[in-house]
Amino acid sequence: MSRRGISLAELVLSFFLLAAGIIVVAQLFHASLRRNSNSAQQARAYLIAAAKLAEVREWALGTGGGGYNYDNWGPYTNVTSNDPDEPMFQVTVRSAAHAVGSPATEIESPQSEPRTLTQSLRKVEITVTWGGGRTYRLVSLVGDPARQLGATPVQVQDTAGLTNPVAYGATVSYRAILSDSFGNPIPEVGMLWGVEPGTGDGVLEWTHRDGRTCRFVNRYYLKNGTAIPVPGTCWVRATTPYDGQNATALGPQMVLAP
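For the sequence shown, my numbering gives the first residue as 2, with consecutive numbering after it.
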């Protein structure tokens, strides 16, 4: 016997299944929208962090207040603000000195006189925070920019032992500093050291591997290795190649005793 219609129970079940299907589709659609929104916010956070890092790099190249901005990181140390275009995003900038070996930390660490850079790099961390405690973090290194040099940028200073006349066999220690056009020291610049003879002469018995200090001795060696005095006057010379130009200077005059 054929059925001419559907029962009330079947009708109710059909409506139930239809409603359940609509709810599932709505939930899937809502989840998809939420994922798309999260992805868009994540992408926006990246763009905000990248723009802030570019801002920091540009700032580090600039000058103001009698020097290069790189020498004063106060404006970008533990500073938090809201993005001006999208205030829902909060941006925190942190910076700190970052020490490395030159040319590489693994190479320099075993050395007794390692060449290290402790002031020439800053580790900059940009953290973007938005709704629900979500965060995006971007970390990079920012280097000390190439600076303009003044008319006499190199200063050679004696640090120990310079009492004229310098006795035979005595030593004099030196350091050299390279300064920018504002007269501020440029950190961690190495030098090529030598002796500028006058009426006398001597030798450098030691230079630090980083090139920033040296030690002169009032003694001269013949080709056969014999040490002799060469009394008279001479100077220690420091030269550095910096940003495509050579800067050089002499230290205080030494009077060498026989």
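Built from N, CA and C at the ideal position, the CB exists for glycine as well.
* residue 108, enclosing beta strand (DSSP E) - first and last residue -> Taken as a continuous stretch (DSSP letters only), residue 108 belongs to no beta strand (DSSP E), being part of the alpha helix (DSSP H) at 106-109.
* **Near the ligand FAD: residue 68 beta-carbon under 8 Å from a heavy atom** => Although the ligand FAD was asked about, the structure shown includes no ligands whatsoever.
* What is the rounded straight-line gap between the Cα of residue 80 and the Cα of residue 162? -> 47 Å
* **residue 32, DSSP secondary structure in three states** => Because the pLDDT at residue 32 is just 49, under 50, the model does not fix this residue reliably, and the point stays unresolved.
* Asked: I think residue 126 touches residue 138, with their Cβ atoms under 8 Å apart; what is that distance to the nearest whole Å?
  -> The C-beta distance from residue 126 to residue 138 rounds to 7 Å, short enough to fall under 8 Å.
* Asked: Among the residues of its own chain, which have a CB less than 8 Å from the CB of residue 221, if the five just before and after it don't count?
  -> 202, 203, 204, 228, 229, 230 and 231
* Asked: For the beta strand (DSSP E) that contains residue 141, what are its first and last residues?
  -> Residue 141 -> beta strand (DSSP E) spans 135-144.
* Asked: Which word fits residue 154, buried or exposed, when buried means at least 16 other C-beta atoms lie within 10 angstroms of its C-beta?
  -> Answer is buried; the Cβ neighbour count reaches 16.
* **Contacts around residue 34, its chain only, beta-carbon distance under 8 Å, and the 5 residues preceding and following it disregarded** => Low confidence applies to residue 34: its pLDDT is 48, below 50, so where it sits in the model is not reliable, and the reading given next is rough at best. Nothing meets the Cβ criterion.
* Asked: In terms of alpha-carbon separation, which member of 234, 245, 243 and 259 lies closest to residue 252?
  -> 234
* Please work out which residues of its chain come closer than 7 Å, Cβ to Cβ, to residue 128, disregarding the five sequence neighbours upstream and downstream, and give them in chain order. => 93, 136 and 138
* Evaluate residue 152 with the Cβ neighbour count: other Cβ atoms within 10 Å of its Cβ, from every protein chain shown; 16 or more gives buried, anything less gives exposed. => Classification for residue 152: exposed.
* To do: Spatial neighbours of residue 244 within its chain, please: CB distance less than 7 Å, with the 5 preceding and 5 following residues excluded, ordered by chain position.
  => 147
* Asked: Given 8 Å as the limit, is there contact between the region 81-92 and the region 103-113, that is, 3 or more CB pairs closer than that?
  -> no
* **Coarse secondary structure for residue 55, derived from DSSP in three states** => helix
* By Cβ distance, which residues of its chain are closer than 8 Å to residue 149, with the 5 residues on each side in sequence left out? -> 181 and 182
* To do: Taking residue 113 as part of the beta strand (DSSP E), name the residues at either end of that continuous run.
  => Premise fails: residue 113 is in no beta strand (DSSP E) and is neither H nor E.
* With DSSP as the reference, label residue 239 as helix, strand or coil. => strand
* Secondary structure, beta strand (DSSP E): runs of 3+ residues fully inside the region 170-227 -> Listed in chain order, they are 172-181, 193-198, 204-208 and 214-218.
* Asked: Among the residues of its own chain, which have a CB less than 6 Å from the CB of residue 95, if the five just before and after it don't count?
  -> 79 and 126.
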